[in-house]
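*Asks:* For the sequence shown, the working numbering assigns the number 6 to the initial residue and increments by one for each residue that follows.
All residues carry an ideal CB built from backbone N, CA and C; glycine is no exception.
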Amino acid sequence: MLEGKRVLLVIGGGIAAYKCLELIRLIKKQGGAVRVILTKAGSEFVTPLSLASLSGDKVYEDLFSLTDETAMGHIELSRSADLVVVAPATADLMAKAANGLANDLASTTLLATDKAVLMVPAMNVRMWQHPATQRNHRRLLEDGVCFVGPDDGAMACGEFGPGRMAEPAAVLAAIVHHFLPADRPLAGQHVLITSGPTHEPLDPVRYIANRSSGKQGHAIARAAAVAGARVTLISGPVTVPDPQGVEVVHVETARQMLDAVEQALPADVAIFCAAVADWRVVNAGQEKIKKTVDGVPPLALVENPDILATVSQKKNGRPGLVIGFAAETETVIEHAKAKLARKGCDWIIANDVSPATGIMGGDFNSVHLVRASGTGSSPGVSEIESWPRMDKDAVARALVAEIVKTLDREGWV
Ligand code: PMT
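(1) Anyone know if the C-beta pair for CYS278 and GLN221 falls short of 8 Å?
(2) Helix, strand or coil, according to DSSP, for PRO248 in the structure here?
(3) Considering only residues of the same chain and omitting the five flanking positions on each side of ASP208, which have a CB-CB separation below 8 Å?
(4) Per DSSP, THR297 is paired with what?
(5) Quick check: VAL51 and TYR23, are their CB atoms within less than 8 Å of each other?
(6) Can you list, in chain order, the stretches of the beta strand (DSSP E) that have 3 or more residues and sit fully within the segment 216-263?
(7) Run the proximity test for THR334: is its beta-carbon closer than 7 Å to any non-hydrogen atom belonging to the ligand PMT?
(8) Can you have a look at PHE369 and say buried or exposed, based on whether 16 or more other CB atoms are within 10 angstroms of its CB?
(9) Determine contact between the segment 13-21 and the segment 39-46, defined as no fewer than three beta-carbon pairs at a distance below 8 Å.
(10) Could you check which residue in SER317, ALA234, THR315, GLU257 has the C-alpha nearest to that of ILE408?
(11) Which residue spans inside the segment 328-380 form an unbroken beta strand (DSSP E) run of at least 3?
(12) Would you say SER371 touches the ligand PMT, meaning its beta carbon is less than 7 Å from a heavy atom?
(13) Within 10 Å of its beta-carbon, does ASP119 have 16 or more other beta-carbons around it, so buried, or fewer, so exposed?
(14) I'd like to check one pair, THR203 with THR258: are the Cβ atoms closer than 8 Å?
(15) Hey, would you say the C-beta of THR199 is under 7 Å away from at least one heavy atom of the ligand PMT?
(16) Please go through the same chain and pick out, in chain order, the residues whose beta-carbon is closer than 8 Å to the beta-carbon of GLU172, but skip the five residues on each side of it.
(17) Taking C-beta to C-beta, are VAL375 and ALA341 nearer than 8 Å?
(18) Please classify VAL51: does DSSP put it in a helix, a strand, or coil?
(19) Rank GLY19, ALA96, LEU88, VAL196 by C-alpha distance to the C-alpha of PRO324 and give the top, closest one.
(20) When you compare the CB positions of VAL256 and GLY241, do they come within less than 8 Å of one another, or not?
Encoded structure:
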């Protein structure tokens, strides 16, 4: 995915700098080249020797090194890459870049570059939340800098919250995704996505629902649109905003969602991320159900149509690639495999939605990609890939990159 791409990696001074070793390995595994600028503070955490060994290139450290400047001046260094990645992007590096300071090799390079910059922040939670850092973050976003992370979690300093550097796999996904829009690899493709919960009424004021927020499905819609696809997003009731550049159809119930999906077809790729209610109340009240002395009302459930199975098993007009999700709370992969076979889709993205994972409704996801052997409705399972925990945007970008790779390989793009 990164064949021929050159990444200039600026490593700041933070405990998370060790993650850059794995990041370099991942970039190189994808065919990319990495050149490293190591700040003085960064060199307290990782050694130039290990970075040079992994990158296979010289490590640049000093703005005033006569030999470095003669061999590769800082201006040339800043322009020689296709993408500049700053990781860990410390509060200091962000502040310098936001204010145009240039007093060492890293900051001078960031000011001199005409290439896209991706920052991967990592710092103490209070430093991240400080108004000055938040101001710098906003300013950098306005300047066109892209960000991945920071993640939430336990920090080396013993505190908890946002500030952890995103995992190398998530950074890699962002890098791969950065290179997708250049040639808009999904241009001309129609991608259909469902997202969010459905609400199944009990009466005009009450409903059965679930905890899906729409964050994952909406992130996939955003990532597919960035990759150039025409995206139709069919969303249940959510509070997250509609993604830009995407046609959004708002629905409430499973049956409305199925109608909207049918209306939106044909599609080249269909991704069913919505948490559709399996059942609805057959005898929903036309008026608000009253409490009576006779006890609780007798509510009867009936099965909702299965949208994923309906689309997967279409004889005519089946999308070329149909991807379902599996939300499980135990034996995740086994249940996902069974769902893949039962519903007849091509891939299942399985995730563990036990409350302890915080996935449903939260900002992060940890998924397993289960593929059927052969496109179509083969029940055999050829491959299971487990992805590390990432924020939902990173999962979306990785999924879109995977779709592009598959469509490309099969000659559909
Ligand atoms: O919305 P978030 O808060 O970001 O959380 C994301 C998520 C946890 C909801 C998402 O990652 C996820 O797992 N979505 C699938 C939820 C679900 O309903 O899974 P399921 O295992 O019950 O259903 C399997 C598949 O069949 C899903 O693709 C679902 O969309 C589809 N389905 C289910 C029932 C039905 N009647 N029609 C369907 O199409």
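*Replies:* From the atom records:
(1) Walking along the sequence shown from the start, residue 278 turns up at place 273. Walking along the sequence shown from the start, residue 221 turns up at place 216. At a Cβ-Cβ threshold of 8 Å, CYS278 and GLN221 count as neighbours.
(2) Taking the sequence shown and counting its residues from 1, the one referred to as residue 248 is at position 243. Three-state result, PRO248: coil.
(3) As a first step, residue 208 is located in the sequence shown; it is residue number 203 there, counting from the start. Cβ contact annotation for ASP208 (same chain, cutoff 8 Å, sequence separation greater than five): ALA289, GLY290, GLN291, GLU292, LYS293, ILE294, in chain order.
(4) Mapped onto the sequence shown, residue 297 falls at position 292. In the DSSP assignment, THR297 forms a beta bridge with GLY300.
(5) One-based indexing of the sequence shown puts residue 51 at position 46. One-based indexing of the sequence shown puts residue 23 at position 18. Yes, these two residues count as a Cβ contact at 8 Å.
(6) Given a length threshold of 3 residues, each whole run of the beta strand (DSSP E) inside the segment 216-263 is given here in chain order: 235-240, 252-255.
(7) Along the sequence shown, one-based indexing puts residue 334 at 329. Incorrect: THR334 has no Cβ contact closer than 7 Å to the ligand PMT.
(8) Here the question's residue 369 lines up with position 364 in the sequence shown. Buried: at least 16 other Cβ atoms inside 10 Å.
(9) The answer is yes - the segment 39-46 touches the segment 13-21, with three or more Cβ pairs under 8 Å.
(10) Here residue 408 refers to the residue found at position 403 when the sequence shown is read from its first residue. Among SER317, ALA234, THR315, GLU257, the Cα nearest to that of ILE408 is on ALA234.
(11) Considered as a whole, the segment 328-380 harbours 352-357, 372-377 as its complete beta strand (DSSP E) runs of no fewer than 3 residues, in chain order.
(12) Reading the sequence shown from its first residue, position 366 is the one you call residue 371. Result no, Cβ not under 7 Å from the ligand PMT.
(13) Position 114 of the sequence shown holds residue 119. So ASP119 counts as exposed.
(14) Here residue 258 corresponds to residue number 253 of the sequence shown, with the count starting at 1. Here residue 203 corresponds to residue number 198 of the sequence shown, with the count starting at 1. If you check the CB distance, THR258 and THR203 come in under 8 Å.
(15) One-based indexing of the sequence shown puts residue 199 at position 194. THR199 has its CB nearer than 7 Å to a heavy atom of the ligand PMT.
(16) Numbered from 1 along the sequence shown, position 167 holds the residue referred to as residue 172. Cβ neighbours of GLU172 beyond the five flanking positions: LYS24, ASP156, PRO393, ARG394, MET395.
(17) Counting from 1 along the sequence shown, the entry for residue 375 is found at position 370. Counting from 1 along the sequence shown, the entry for residue 341 is found at position 336. Yes, the pair counts as a contact, with Cβ atoms nearer than the cut-off.
(18) Counting from 1 along the sequence shown, the entry for residue 51 is found at position 46. VAL51 falls in the coil class under three-state DSSP.
(19) As a position in the sequence shown, residue 324 is number 319, starting the count at 1. Considering only GLY19, ALA96, LEU88, VAL196, the residue with the shortest C-alpha distance to PRO324 is VAL196.
(20) Along the sequence shown, read from residue 1 onward, the residue named residue 256 stands at position 251. Along the sequence shown, read from residue 1 onward, the residue named residue 241 stands at position 236. VAL256 is a Cβ neighbour of GLY241, given a cutoff of 8 Å.
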